[in-house]
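Data first, discussion second: the structure below is written as structure tokens.
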Amino acid sequence: MRSKRKAAPWLHMIPAFLLIGAIIIFPIVYTAYISFTNMNLFHWDDYSFIGLNNYVRALFKVDTGFLSAIGVTLIWTVLNMGIQVALAFFIALGLNARGLKLARFYKTLLMFPWAMPAYVSILLWKVGIYNSEFGLANKLLGLFGIDKINYLSRNVPAFISCMVLNLWMALPFMIMTFDGALQSIDKSYYESAKMDGAGFWVSTLKITVPGVRPVMTPAVIMTTFTTFKQFDIIYLLTQQKGSLSGATLQTVITYAHQNAFVSNNYGLSAAVSMIIFVLIIAFSLFMNRGLKEEA
Amino acid sequence: MKKKKVRRIFGIAFLNLAFMILCFVGLLPILYALLLSVSEGASALSSSLFAASRGFTLENYRSILVEEPFLRWLFNSVILSVGTMVVAMACSVVAAYAFSRYRFCGRMQALRGLLVLNAFPQILTMFAVFRLFRTLHLLDSRAGLIFVYAGSMCIFSILNLKGYFDTIPVEIEEASKIDGATELQLLWKIILPLARPAIIVTAVMVLIYVWNEYLFATTFVLNESSYTLAGGLYQLQANDYSRSWPLFSAAAILVSVPILVIFFVVQKHMVSGLTAGGVKG
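Going down the list, the protein sequences come from chains F and G.
If you read the first sequence in the working numbering, its first letter stands for residue 5, the second for the next number, and so on.
If you read the second sequence in the working numbering, its first letter stands for residue 82, the second for the next number, and so on.
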């Protein structure tokens with residue numbers, strides 16, 4: 005009886021763990037294995053082990069481009085998260101202003117970019133907004149007599165374009181989460197703060213910010229991971245198969261993908277993937293500790 | 082006092098104006114696509130701003146539905162998303178229940194492991210999965226893709242459902258246990274109805290994920306007739322992009338409508354259903 009009790013939870017998990025084992029865990033182990041070989045297009049089956057060579061190449065040779073990809077990814081994540089949290093906070097504050105009767109209506113409209121399929125949005129932006137010949141962005145510039153800009157052909161404009169698109173796609177979730185968090189704050193705090201003569205900024209800093217924090221921290225961490233992992237925007241805007249835009253922007257994820265599926269450098273790509281995996285584990289351990297200390 | 086009132090009214094008016102502009106800018110790309118999808122091919126390519134609005138036509142929608150294998154792709158998408166939903170939910174509901182209701186040794190470690198695995202970007206192991214599937218002859222097959230999708234969404238579903246199950250009081254189950262209900266009956270008759278919001282949101286997230294996934298769908302599927310909508314649309318714009326631009330807009334609108342409808346139907350539960358289970362171990 006006792007042993008049956010003990011086995012029960014594990015029996016429940018067999019199907020899920022078989023699935024996760026086959027689709028998630030085994031490929032990670034296999035990727036680790038590939039990272040120690042020189043597997044590429046010419047050595048598809050007759051690859052040989054080359055020890056840590058791929059890791060050395062990725063981490064210590066500047067010309068492989070991995071180090072700069074790490075830099076780009078960091079800038080990308082920090083900028084996106086900073087702007088996103090700040091904007092979403094103020095938009096949500098506006099939505100919760102007293103007397104704004106149309107708030108629900110605005111919320112529904114603002115939700116659209118979140119509801120749209122991500123790849124559809126990206127492709128629509130690519131052809132509809134950023135296209136240098138007939139994109140909306142250049143048509144608008146044309147109204148003011150400004151010359152056409154090729155948004156995606158150089159790195160800095162391409163980075164900014166990708167960021168604007170990412171903000172457009174990611175802001176709705178942030179706004180809605182902030183909105184939910186704001187509504188969970190007890191309104192009486194504000195009234196007593198007003199009695200004490202506190203202005204807007206004081207009550208925002210002293211009541212609103214601490215009040216939304218417990219709800220927002222997990223949401224922000226979750227979004228930080230998705231921003232860090234963001235692949236579709238950069239890939240679809242600048243480096244699709246057959247329509248390279250000219251920009252050579254790479255984050256770590258697009259870098260790994262490019263080495264696996266474009267330049268067929270499977271060994272190097274696998275080594276990069278493993279490094280990213282270690283970084284993610286380190287980051288999430290660090291985050292867990294931060295969360296615990298706050299609680 | 083009066084001065085304050087005037088200031089309030091101005092403040093609200095200003096907010097309304099700001100939000101109208103914000104909403105318009107937010108919707109602009111979608112509105113523009115809508116406009117393009119009903120315009121004639123030639124006018125969309127001109128570089129003046131309002132030319133696109135001349136010449137209303139539903140021709141683009143007609144030719145997407147008739148000339149492109151759109152319906153075939155739609156069929157594939159439906160099969161794949163429903164199949165994935167069934168497999169992923171069946172596996173994760175039972176596992177999430179065990180995580181929520183049993184206290185066993187290794188539980189915390191397993192949960193923490195799932196959290197880490199959940200943060201791992203799947204693109205990074207796509208090549209390994211590709212090689213594995215080639216050896217097992219699972220490329221170009223629906224079952225193969227369903228396994229990949231179900232595996233990718235399984236961890237998310239477990240964590241999300243477990244978070245919600247935790248909020249359901251155990252007493253209800255204990256009462257029915259005394260009445261002699263088996264575990265499976267318990268899960269089916271008591272837990273599932275109580276956890277409906279979380280089940281719906283999780284299932285919808287799985288559905289949306291499959292519906293929107295283009296990378297695996299184009300890498301693992303090699304012939305056009307088994308593409309999903311996402312894969313087909315991706316190919317459509319990658320291959321003959323300038324000719325089919327208004328056509329592409331029409332297809333994009335058609336693909337998005339079902340997702341938009343589903344999204345706004347379950348929207349009420351979306352935020353709470355997603356953050357309840359979220360990051361908490």
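Glycine residues also receive a C-beta, built at the ideal position from the N, C-alpha and C atoms.
Predicted, not measured: the structure shown is a model, and the values here were computed from it.
Please check the pair residue 216 of chain F and residue 186 of chain F, which I expect to be a contact at CB under 8 Å, by giving their CB distance rounded to whole angstroms.
6 Å
Would residue 138 of chain G count as contacting chain F if we go by Cβ distances under 8 Å?
no
Under the three-state reduction of DSSP, which class applies to residue 187 of chain F: helix, strand or coil?
helix
Residue 116 of chain F versus chain G: which residues are under 8 Å apart at the beta carbon?
107, 108, 111, 341
Contact check, residue 253 of chain G vs residue 289 of chain G under 8 Å by CB: the rounded distance?
No, residue 253 of chain G and residue 289 of chain G are not in contact; Cβ-Cβ is about 31 Å, not under 8 Å.
Where are the alpha helix (DSSP H) runs, 4 residues long or more, that stay fully inside the segment 126–210 of chain G, in chain order?
140–147, 151–182, 188–200
Cross-strand partners of residue 41 of chain F (DSSP beta bridge)
F:53
Against residue 337 of chain G, what residues of chain F qualify as contacts under a CB-to-CB distance less than 7 Å, listed in chain order?
120, 121, 124
Chain-order list of residues whose beta-carbon lies under 7 Å from that of residue 167 of chain F (same chain, five-residue window excluded):
83, 84
From the DSSP output, which residues share a beta bridge with residue 120 of chain G?
G:137
To the nearest angstrom, report how far apart residue 178 of chain G and residue 293 of chain G are at their CA atoms.
28 Å
Kindly give me the distance between the Cβ atoms of residue 253 of chain F and residue 163 of chain F, rounded to whole angstroms, as I take these residues to be in contact under 8 Å.
6 Å
Tell me the rounded alpha-carbon separation between residue 147 of chain F and residue 120 of chain G.
21 Å
How big is the Cα-Cα spacing for residue 248 of chain G and residue 195 of chain G?
20 Å
Residue 266 of chain G - partner residues in DSSP beta bridges
According to DSSP, which records beta bridges pairwise, residue 266 of chain G is partnered with nothing at all.
Apply the 10 Å Cβ neighbour rule to residue 81 of chain F and answer buried if 16 or more other Cβ atoms are within range, or exposed otherwise.
buried
Give the DSSP bridge partners of residue 243 of chain F, in chain order.
F:248
First and last residue of the uninterrupted alpha helix (DSSP H) at residue 301 of chain F:
Shown here, chain F extends from 5 to 299; a query on residue 301 of chain F therefore has no answer.
If you measure beta-carbon to beta-carbon, which residues of the segment 197–216 of chain G are closer than 9 Å to chain F?
197, 198, 199, 200, 201, 202, 203, 204, 205, 206, 207, 208, 209, 210, 211, 212, 213
Would DSSP call residue 180 of chain F helix, strand or coil?
helix
Can you pull out the residues from the segment 227–241 of chain F whose beta carbon lies closer than 9 Å to at least one beta carbon of chain G?
229, 232, 233, 235, 236, 239, 240
Under 6 Å Cβ to Cβ from residue 59 of chain F, same chain only, skipping five residues before and after it: list those, please.
275
Please report whether the beta-carbon of residue 94 of chain G lies at a distance below 8 Å from any beta-carbon of chain F.
no
Spell out whether any CB of chain G is found under 8 Å from the CB atom of residue 206 of chain F.
no
Got a sec: does the ligand NAD put a non-hydrogen atom nearer than 7 Å to the Cβ of residue 148 of chain G?
The ligand content of the structure shown is nil, which means the ligand NAD is not present either.
From the beta carbon of residue 98 of chain F, is the nearest beta carbon of chain G less than 8 Å away?
yes
Rounded straight-line distance, which links the Cα of residue 122 of chain F to that of residue 345 of chain G:
16 Å
Helix, strand or coil: how does DSSP classify residue 218 of chain G here?
coil
Looking only at its own chain, which residues have a Cβ that is under 6 Å from the Cβ of residue 273 of chain F, when we skip the five neighbours before and after it?
260, 263, 264
Do you know offhand how far residue 292 of chain F's Cα is from residue 331 of chain G's?
45 Å
Using the three-state DSSP reduction, which class does residue 254 of chain F fall into: helix, strand or coil?
coil
To be precise: take each residue of the segment 222–250 of chain G, compare its Cβ to all Cβ atoms of chain F, and keep it if any distance is under 8 Å. Which residues remain?
228, 229, 231, 232, 233, 235, 236, 239
Would DSSP call residue 201 of chain F helix, strand or coil?
coil
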